[in-house]
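Novice: Just so you know, the protein sequences line up as chains A and B, in that order. According to this note's numbering, the first sequence is numbered sequentially starting from 6. According to this note's numbering, the second sequence is numbered sequentially starting from 6. Using N, Cα and C, we set each Cβ at its ideal position, and we do this for glycine too. Structure in structure tokens, see below.
Number of protein chains: 2
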Amino acid sequence: MYMDKTANEAFDPLSLDNQLCFALYACSHEVMRRYAPLLAELDLTYTQYIAMMALWESEPLSVKELGERLKLDSGTLTPMLKKMEAKGLVSRCRDAKDERRLVVSLTDEGRGLRESALRVPLEMSKCVDLEPYEAQELHRLLHKVLSSFGDA
Amino acid sequence: MYMDKTANEAFDPLSLDNQLCFALYACSHEVMRRYAPLLAELDLTYTQYIAMMALWESEPLSVKELGERLKLDSGTLTPMLKKMEAKGLVSRCRDAKDERRLVVSLTDEGRGLRESALRVPLEMSKCVDLEPYEAQELHRLLHKVLSSFGDA
DNA sequence: TCACATTTAATTGTATACAATTTAATTGTT
DNA sequence: AACAATTAAATTGTATACAATTAAATGTGA
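Below, the structure is given as structure tokens:
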């Protein structure tokens, strides 16, 4: 997974700057770093933020469903959801119909946080210097890469 | 930082699917997961792999220089470099001219690993379903986002 | 030159990530 | 019903990430 800009002259497949994967990695972390101060005002980490977005959209969700949505497993989610429960954002209850499932619901406080969170994506848009069509194209290409992995 | 595909009808700024940042986050992690089995054959993690790429290109590098290249800090690099030293891939020495600097160099084994690593980007290219121009455009857009953060 | 600011790594503490394993609950089959 | 197979979370162990602090070395100005 690398960029062959020349397709002609000598090309180094192991050059860091030619790696699409490194651009992806670095960009993802830089973006998360920019979110951190905004999210800190809401006492959320980035991963907690995307979990809240999933729940604001559809609730309740089992750990498995949330994991499929966020592409994270129980090893990541279980400790995080316990912290979110301790903060009063969500409640965690076993499903009475199927005790294997643990169902995550929003508390009133968790639901209420949505209002304050609205400003986060707005603020972030400001500091990303992409034309609207570029943002759309980037989004499309990222999803194309994701779906080439068998989607989800 | 979100995708407004419609720019017209009711649009939810907190919808997970509209988040460019989530596409970035999920894509980055999925790609890293695909690298893992290939890199495991070289006994490398993904972060160790990009550190090796930086060193294969330019060596030696101080921890600070490596951190600037990879956009990682000493809190991440110090423990990782110690593991890489323990595996015999790199050596870590204080700079005699400036004892504050810790200089990372490749061992012969570390240099030799480059040959086996050549197949990694080749293999990865195969499983990412992007046209060459799409890969270039994705690369360009990721760098544009990165540079809108004051570059590096 | 000598107090003081700056620079560079290392350390500390918190929070993911994820493979592999374990435990408990449910399902499918006989 | 009995029991093997499957499923869902939790747990374990390893490896990042990063903010904040610390410690040591170097640079700097009065």
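Leaving aside the five residues before and after V125(B) along the sequence, list all residues of the same chain whose C-beta is less than 6 Å from its C-beta, in chain order.
Specialist: Looking up residue 125(B) in the second sequence gives position 120. So the qualifying residues of the chain are L43.
Novice: Go through the stretch 75 to 137 of chain B residue by residue and report every complete run of the alpha helix (DSSP H) that reaches 4 residues or more, in order.
Specialist: Counting whole runs of 4 or more residues, the stretch 75 to 137 of chain B contains the alpha helix (DSSP H) stretches 79 to 91, 113 to 122 and 124 to 132.
Novice: Just tell me which of F154(A), S79(A) and L143(A) has its CA closest to the CA of F27(B).
Specialist: Here residue 27(B) corresponds to residue number 22 of the second sequence, with the count starting at 1. Checking every option, the nearest Cα to that of F27(B) belongs to L143(A).
Novice: Please list the partners that P18(A) has in chain B, where partner means a Cβ-to-Cβ separation under 8 Å.
Specialist: Working through the first sequence from its first residue, we reach residue 18(A) at position 13. Neighbours of P18(A) on chain B, chain order: L123, P126 and L127.
Novice: Closer than 9 Å, Cβ to any Cβ of chain B: which residues of the stretch 67 to 97 of chain A, in chain order?
Specialist: Going along the stretch 67 to 97 of chain A in chain order, one finds R74, L75, K76 and L77 with a Cβ nearer than 9 Å to chain B.
Novice: I want to verify the contact list: residues of chain B whose CB lies under 9 Å from the CB of S153(A), in sequence order.
Specialist: As a position in the first sequence, residue 153(A) is number 148, starting the count at 1. Per Cβ cutoff of 9 Å: C132, V133, D134 and L135.
Novice: Could you tell me whether the Cβ of Y30(B) comes closer than 7 Å to any Cβ of chain A?
Specialist: Mapped onto the second sequence, residue 30(B) falls at position 25. Yes, Y30(B) counts as interfacial toward chain A.
Novice: What are the residues that DSSP puts in a beta bridge with S152(A)?
Specialist: Locating residue 152(A) in the first sequence gives position 147, where the first residue counts as 1. DSSP lists no partner for S152(A).
Novice: Could you name the residues of the same chain whose beta carbon sits closer than 8 Å to that of D17(A), not counting the 5 residues immediately before and after it, in chain order?
Specialist: Locating residue 17(A) in the first sequence gives position 12, counting from the first residue. Result list for D17(A): N23, in chain order.
Novice: Can you give me the Cβ contacts of C98(B) inside the same chain, cut-off strictly under 8 Å, excluding the 5 residues immediately before and after it?
Specialist: Indexing the second sequence from 1 puts residue 98(B) at position 93. Within the same chain, C98(B) has close Cβ partners L107, V108 and S110.
Novice: Rounded to a whole number of angstroms, what is the C-alpha to C-alpha distance between E62(B) and T50(A)?
Specialist: By 1-based counting over the second sequence, the position of residue 62(B) is 57. By 1-based counting over the first sequence, the position of residue 50(A) is 45. Cα to Cα, the separation comes out at about 35 Å.
Novice: Return yes when the Cβ of L151(B) is within less than 7 Å of the Cβ of C32(A), no when it is not.
Specialist: Your numbering for residue 32(A) matches position 27 in the first sequence. Your numbering for residue 151(B) matches position 146 in the second sequence. Their beta carbons are under 7 Å apart, which means C32(A) touches L151(B) by this criterion.
Novice: Do L47(B) and S121(B) have their beta-carbon atoms positioned less than 7 Å apart in this structure?
Specialist: What you label residue 121(B) is simply residue 116 of the second sequence in a count that begins at 1. What you label residue 47(B) is simply residue 42 of the second sequence in a count that begins at 1. Taking 7 Å as the Cβ cut-off, S121(B) and L47(B) qualify as a contacting pair.
Novice: The alpha helix (DSSP H) that contains E62(B), what's its start and end?
Specialist: If you number the second sequence from 1, residue 62(B) lands on position 57. Taken as a continuous stretch (DSSP letters only), the alpha helix (DSSP H) holding E62(B) covers Y51 to E62.
Novice: Please report the Cβ distance between V95(B) and L82(B), rounded to the nearest whole angstrom; I am assuming they are in contact, meaning their Cβ atoms lie under 8 Å.
Specialist: Here residue 95(B) corresponds to residue number 90 of the second sequence, with the count starting at 1. Here residue 82(B) corresponds to residue number 77 of the second sequence, with the count starting at 1. With a Cβ gap of about 11 Å, V95(B) and L82(B) do not count as contacting.
Novice: Tell me the rounded alpha-carbon separation between S20(A) and T112(A).
Specialist: The residue labelled residue 20(A) in the question sits at position 15 within the first sequence. The residue labelled residue 112(A) in the question sits at position 107 within the first sequence. S20(A) and T112(A): Cα-Cα distance of roughly 49 Å.
Novice: Given a threshold of 16 other Cβ atoms within 10 Å of its Cβ, counted over all protein chains shown, does L162(A) qualify as buried or as exposed?
Specialist: The structure shown has nothing for residue 162(A), since chain A only spans 6 to 157.
Novice: So which of L29(B), V36(B) and Y30(B) has the shortest CA-CA distance to M129(B)?
Specialist: As a working mapping, residue 129(B) is identified with position 124 in the second sequence. Looking at the Cα atoms, V36(B) is the closest of the given residues.
Novice: Tell whether a beta-carbon distance below 7 Å holds between M89(B) and Q141(B).
Specialist: If you number the second sequence from 1, residue 89(B) lands on position 84. If you number the second sequence from 1, residue 141(B) lands on position 136. No, these two residues do not count as a Cβ contact at 7 Å.
Novice: Which of the residues in the stretch 24 to 50 of chain B, read from start to end, lie with their CB under 8 Å from any CB of chain A?
Specialist: Answer in chain order: Q24, L25, C26, F27, A28, L29, Y30, A31, C32, S33, H34, E35, V36, M37, R39 and Y40.
Novice: Enumerate in chain order the residues of its own chain whose CB-to-CB distance from R39(B) is below 8 Å, with the five nearest sequence positions on each side excluded.
Specialist: By one-based count along the second sequence, residue 39(B) stands at place 34. Here the set comprises M129 and C132.
Novice: Any beta carbon of chain A sitting closer than 7 Å to that of E64(B)?
Specialist: Counting from 1 along the second sequence, the entry for residue 64(B) is found at position 59. No, E64(B) lies away from the interface with chain A (no Cβ there is under 7 Å from its Cβ).
Novice: Any idea if A41(A) is buried or exposed, counting beta-carbon neighbours within 10 angstroms, 16 or more meaning buried?
Specialist: Taking the first residue of the first sequence as position 1, residue 41(A) is located at position 36. Under this definition A41(A) is an exposed residue.
Novice: For E136(B), which option in L29(A), G93(A) and S153(A) has the closest C-alpha, if you only look at C-alpha atoms?
Specialist: As a position in the second sequence, residue 136(B) is number 131, starting the count at 1. Closest by alpha carbon: S153(A).
Novice: Run through the DSSP bridge pairs and tell me what S67(A) is partnered with.
Specialist: To locate residue 67(A), count along the first sequence from 1; it is residue 62. Note: S67(A) sits in a beta bridge opposite V108(A).
Novice: What residues of chain A sit near R119(B), judged by a beta carbon separation below 7 Å?
Specialist: Here residue 119(B) refers to the residue found at position 114 when the second sequence is read from its first residue. Ordered by position in chain A, the residues that pass the 7 Å Cβ test against R119(B) are L19.
Novice: In chain B, what lies closer than 7 Å to P147(A) by C-beta?
Specialist: Residue 147(A) sits at position 142 when you count from the first residue of the first sequence. Rather than Pro, the amino acid found at residue 147(A) in this sequence is Leu. Those within 7 Å of L147(A) in chain B are A28, L29 and C32.
Novice: Buried or exposed for L66(A), please, with buried defined as at least 16 other CB atoms from any protein chain shown within 10 angstroms of its CB.
Specialist: Residue 66(A) sits at position 61 when you count from the first residue of the first sequence. The residue is buried, with at least 16 neighbouring Cβ atoms inside 10 Å.
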